Structure formats: C-alpha cells, structure tokens
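**Q** In my numbering, the protein residues as written are 111 to 464.
Even glycine gets a Cβ: it sits at the ideal position worked out from N, Cα and C.
Since the model is a prediction, treat every value here as computed from it, not as a measurement.
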Ligand SMILES: [Zn+2]
C-alpha cells in the first residue's frame, strides 16, 4: 500500500488537466511505453463513510470493469507478470501490454475482482504478505484509521513532548490521521508499530486482528495458487518499510517470504512487490537483495510505463497506481497514454532506477 504525498496530489490533479487539454492524444506516441504494470489494492463496493483516509487504496468493482474495458478499447494485451521480461526484450511496439497486480493479499480481490477478471479472461498477480495470510500481521494503516474513527482526541509523543490532536469531526480526523502518519513514517518501524497498537487499544481495537478479517488465509491462497490465470508473488513477511531495516533483517523479510510462500503453496514464487514501494521505502540495497534471493521480477510503486531498457532493471519496475480518488475514464486514458510520467520524470522518457 502507499499514501498520497503532496507531489502525488499535484500529479493526480495534473491528470485531469492533461485529459481536458487532449495532450494525452497528441503526445501519446512519444510517451507511451511498451507496457504498463497497474497497481491495485482493495476492490469493493463504495462505503458510505465521511472519514476514509485510505480511500485512495480502493476502487469499486464497477470501476475495475471500466479499467478492463478501457484497456481492451486501447488495444492492450493483458499478460501475466512472468511474460514481462520476454515482452520487453522483444521490443514489440505493435500492441502495448498491461499487467494487473494487487498488493497485500486482500480477500475482496477474490470476492469482487476475480469474477470480473475472469469475465475479461485477464491474468492477474496478487502479492501476499505472509503474516497477513497467517491472520496475525499488523495492518497498521487500517488500525490507525479505525482508531482515529473511534477516538475524539489523539495523543502521541513527539520528541518526548505530548502531541495532542482533536479528532471529533471528519476534517479533524483527516488532519489527525495525516499528522500521525507523517510522524510515524519519519521514525523507526518499531515506534510506528507500537504507537499504532497503543492507539488501537485505546479505541478498543485489538491490534493484529484485522488481517484475519481482510486478508486471504493460507487455505484460500492454496486454492487460488492452482488457478492458471493467477500468479502469487511475495510482499515480505510483515510489510515493513524495508529501507528502515538493517540489511540482515531486510534480507530475511525478502528471502523468507519467498521460501515460506513456496513451502505453503507448493509451487515456485518468482515475483516480488516492495511494501510501499516509493523511493524512501526501497532503493538500490533492496533491489539487490531481491535479485540475490532469486526473484525474476520486482515491482515498485514509482510511477511510470515500461520501456525496452527496463530489461536491465527487472527488479525495480515502475507501476501505475489506479487511485481510488480518481475513478474516471479521463484519468485512465491519461495514465495509459504515459503523458503524466513525462511530466513526473521531468521529460525523461524512461526513468531508470538503480
Ligand atoms: Zn502493500
């Protein structure tokens, strides 16, 4: 999962401007890559709640249909992640390709997305965090949301001083969520986990209980792994910010998630997604660890299309996030054109990550 930073907000606002100017049409031949990897999280019916700070991480089943119909209309081949290296090497420009990826292992992907994906004959990949599959990991961003939804005041300590935030109205809750989130993301993983667990317990929520409710269990994943159109990839053991861990711990999160998934599912696991996946969460060290663990591909959440030179950077592939805040055809057309990434990458056609 990932959150919207100010730069993201600017970027997503730009999408609408590009669509309105029709720049996506006339710049497309320059900007569009050989293909795209789309990133999804939850797919479920819209919830009628005023405070939903994680809303950008969910789309409705109806919008997934729009995504698939638009890909089809634009002539994209939907291919499995395993086919990406060959497809990049072949450098075939006649038809672009799209890969559909779902992060974290949510049960709603099977319940709401899968029937639609089947109807379109679309292969898809789900990146599983193994602790969530065991029903015990900490979905801390959901715990934080639920805690703030229930509490009228949030108190955490900042540099030893108490930071007290009102959280009665939806606006106050939204501000409190982002303030706490920023604080926690800036500090060590351990603090992030303990502060969230503490707020959850103040709100009467038992920490580490949400995974069993929201995520697919090992039994469900074993059934899914037998499906020819489904690829199960790894997404670490506990969904940490890998860059915050020492090298031994980061290597363990990556390599052990592969081994554990393979043992539990009885098949090879060759593809990986970095938790959060932004620049501050995964960089050169993580890319190397993932490659050394024997993964064939790995996806980030750095935005962009795929170009032939990504053949040499298969462990730091960019993705295009399908953002729940912009569930419009105009946004899709713009993202599929590649034009926003020209702006994002300051004019460089392919931002190559090392
Ligand atoms: Zn994730």
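On the criterion of 16 or more Cβ atoms from any shown chain inside 10 Å, does residue 265 qualify as buried, or is it exposed?
**A** To locate residue 265, count along the chain shown from 1; it is residue 155. It is exposed - the Cβ of residue 265 has fewer than 16 other Cβ atoms within 10 Å.
**Q** In whole angstroms, give me the CA-to-CA distance for residue 217 and residue 326.
**A** Residue numbering aside, residue 217 sits at position 107 when the chain shown is read from its first letter. Residue numbering aside, residue 326 sits at position 216 when the chain shown is read from its first letter. Spanning the two alpha carbons is a distance of roughly 5 Å.
**Q** Using 8 Å as the threshold, is the C-beta distance between residue 195 and residue 142 below it?
**A** As a first step, residue 195 is located in the chain shown; it is residue number 85 there, counting from the start. As a first step, residue 142 is located in the chain shown; it is residue number 32 there, counting from the start. Cβ atoms of residue 195 and residue 142: not closer than 8 Å.
**Q** Secondary structure at residue 381, three-state DSSP: helix, strand or coil?
**A** As a first step, residue 381 is located in the chain shown; it is residue number 271 there, counting from the start. DSSP places residue 381 in strand when its eight states are reduced to three.
**Q** Between which two residues does the beta strand (DSSP E) harbouring residue 342 extend?
**A** For this step, residue 342 is matched to residue 232 along the chain shown. It spans 340 to 344 - the beta strand (DSSP E) in which residue 342 sits, taken as one unbroken run.
**Q** Assign residue 150 to one of three DSSP states: helix, strand, or coil.
**A** Along the chain shown, read from residue 1 onward, the residue named residue 150 stands at position 40. Looking at residue 150 - three-state DSSP - the assignment turns out to be strand.
**Q** Which of helix, strand or coil does DSSP assign to residue 226?
**A** If you number the chain shown from 1, residue 226 lands on position 116. Three-state DSSP puts residue 226 in a helix.
**Q** Per DSSP, residue 234 is paired with what?
**A** Position 124 of the chain shown, counted from the start, is the residue given in the question as residue 234. For residue 234, which the question treats as bridged, DSSP gives the partners 340.
**Q** Which residue comes first and which comes last in the alpha helix (DSSP H) that contains residue 306?
**A** As a first step, residue 306 must be located in the chain shown, where it is residue number 196. Per DSSP, residue 306 belongs to the alpha helix (DSSP H) from 299 to 312.
**Q** Quick check: the Cα distance between residue 231 and residue 388, rounded to an integer number of angstroms?
**A** Translated into positions along the chain shown, residue 231 becomes position 121. Translated into positions along the chain shown, residue 388 becomes position 278. Their backbone Cα atoms lie some 31 Å apart in a straight line.
**Q** Between residue 338 and residue 430, what straight-line distance do the alpha-carbon atoms span, to the nearest angstrom?
**A** The sequence position of residue 338 within the chain shown is 228, counting from 1. The sequence position of residue 430 within the chain shown is 320, counting from 1. Cα-Cα distance, rounded: 24 Å.
**Q** Nearest-angstrom Cα distance between residue 152 and residue 167?
**A** Here residue 152 refers to the residue found at position 42 when the chain shown is read from its first residue. Here residue 167 refers to the residue found at position 57 when the chain shown is read from its first residue. Between residue 152 and residue 167, the C-alpha separation is close to 6 Å.
**Q** Short of 6 Å in beta carbon distance, which residues of its chain neighbour residue 412, apart from the five on each side in sequence? Order them along the chain.
**A** Against the chain shown, residue 412 aligns to sequence position 302. Same-chain partners within the cutoff: 428.
**Q** Indicate whether the contact test is met: 3 or more Cβ pairs, each with one atom in the stretch 312 to 319 and one in the stretch 239 to 250, closer than 8 Å.
**A** yes
**Q** Apart from the five residues on each side of it in sequence, which residues of its chain come closer than 7 Å, Cβ to Cβ, to residue 457?
**A** Here residue 457 refers to the residue found at position 347 when the chain shown is read from its first residue. Note that residue 457 scores a pLDDT of 49, beneath 50, so its modelled location is shaky and nothing firm can be said.
**Q** Excluding the five sequence neighbours on either side, which residues of its own chain have a C-beta within less than 7 Å of the C-beta of residue 284, listed in chain order?
**A** In the chain shown, the residue the question calls residue 284 occupies position 174. The residues are 161, 163.
**Q** On a Cα-Cα basis, can you pick out the residue from 158, 189, 154 that is closest to residue 144?
**A** Here residue 144 refers to the residue found at position 34 when the chain shown is read from its first residue. Ranking 158, 189, 154 by Cα distance to residue 144 puts 189 first.
**Q** From 209, 395, 390, pick the residue whose C-alpha is nearest to that of residue 340; which is it?
**A** In the chain shown, the residue the question calls residue 340 occupies position 230. Closest option to residue 340, Cα to Cα, is 209.
**Q** With DSSP run on the structure shown, which of helix, strand or coil describes residue 417?
**A** Position 307 of the chain shown, counted from the first residue, corresponds to residue 417. Residue 417 falls in the coil class under three-state DSSP.
**Q** Is any non-hydrogen atom of ligand 1 found closer than 7 Å to the C-beta of residue 104, if you look at the structure I gave you?
**A** Limits of the chain in this structure are 111 at one end and 464 at the other, which puts residue 104 out of reach.
**Q** Three-state secondary structure (DSSP) at residue 189?
**A** On the chain shown, residue 189 is found 79 positions in, with the first residue counted as 1. In this structure, residue 189 counts as coil in the three-state DSSP scheme.
**Q** To which residues of the same chain is residue 357 closer than 8 Å at the C-beta, ignoring the five residues directly before and after it?
**A** Translated into positions along the chain shown, residue 357 becomes position 247. 395, 399, listed in sequence order.
**Q** What I want to know is whether the C-beta of residue 214 ends up closer than 7 Å to one or more non-hydrogen atoms of ligand 1.
**A** If you number the chain shown from 1, residue 214 lands on position 104. Residue 214 Cβ: within cutoff of ligand 1.
**Q** Beta-carbon within less than 7 Å of residue 298's beta-carbon, same chain only, minus the 5 sequence neighbours each way: which residues are those?
**A** By one-based count along the chain shown, residue 298 stands at place 188. The answer, listed in chain order, is 354.
**Q** Could you give the distance in angstroms between the alpha-carbon of residue 186 and the alpha-carbon of residue 417?
**A** Locating residue 186 in the chain shown gives position 76, where the first residue counts as 1. Locating residue 417 in the chain shown gives position 307, where the first residue counts as 1. Taking the straight line joining both Cα atoms gives about 15 Å.
**Q** Just reading off the beta strand (DSSP E) that residue 431 is part of, what are its end residues?
**A** Here residue 431 is taken as the residue at index 321 of the chain shown, counted from 1. Looking at the DSSP string, the run of the beta strand (DSSP E) that includes residue 431 is 427 to 431.
**Q** Grab the span of the beta strand (DSSP E) containing residue 268 for me, first residue to last.
**A** Here residue 268 refers to the residue found at position 158 when the chain shown is read from its first residue. In the DSSP assignment, residue 268 falls within the unbroken beta strand (DSSP E) covering 263 to 268.
**Q** In this structure, how does DSSP classify residue 451 when only helix, strand and coil are distinguished?
**A** Looking up residue 451 in the chain shown gives position 341. If DSSP states are grouped into helix, strand and coil, residue 451 belongs with the helices.
**Q** Assuming the contact rule is C-beta atoms closer than 8 Å, residue 363 and residue 347 should be a hit. Round their C-beta distance to whole Å, please.
**A** For this step, residue 363 is matched to residue 253 along the chain shown. For this step, residue 347 is matched to residue 237 along the chain shown. 5 Å between Cβ atoms; contact.
**Q** Taking 7 Å as the cut-off, is the C-beta of residue 381 nearer than that to any heavy atom in ligand 1?
**A** In the chain shown, residue 381 corresponds to position 271, counting from 1. Because no heavy atom of ligand 1 lies under 7 Å away, the Cβ of residue 381 does not count as near it: no.
**Q** Just the C-alpha distance for residue 172 and residue 383, rounded to the nearest angstrom, thanks.
**A** Start at 1 with the first residue of the chain shown, and residue 172 comes out as number 62. Start at 1 with the first residue of the chain shown, and residue 383 comes out as number 273. Spanning the two alpha carbons is a distance of roughly 26 Å.
**Q** What is the DSSP secondary structure of residue 213, counted as helix, strand or coil?
**A** The residue you call residue 213 lines up with position 103 of the chain shown. Reduced to three states, the DSSP call for residue 213 is strand.
**Q** Within this structure, are the beta carbons of residue 330 and residue 220 separated by less than 8 Å?
**A** As a working mapping, residue 330 is identified with position 220 in the chain shown. As a working mapping, residue 220 is identified with position 110 in the chain shown. Going by C-beta atoms, residue 330 is nearer than 8 Å to residue 220.
**Q** Mapping DSSP to helix, strand and coil, what is residue 466?
**A** Here the chain has residues from 111 to 464 only, and residue 466 is not among them.
**Q** With DSSP as the reference, please indicate the residues paired to residue 409 in a beta bridge.
**A** As a working mapping, residue 409 is identified with position 299 in the chain shown. The partner list for residue 409 (beta bridge, DSSP) reads 383, 427.
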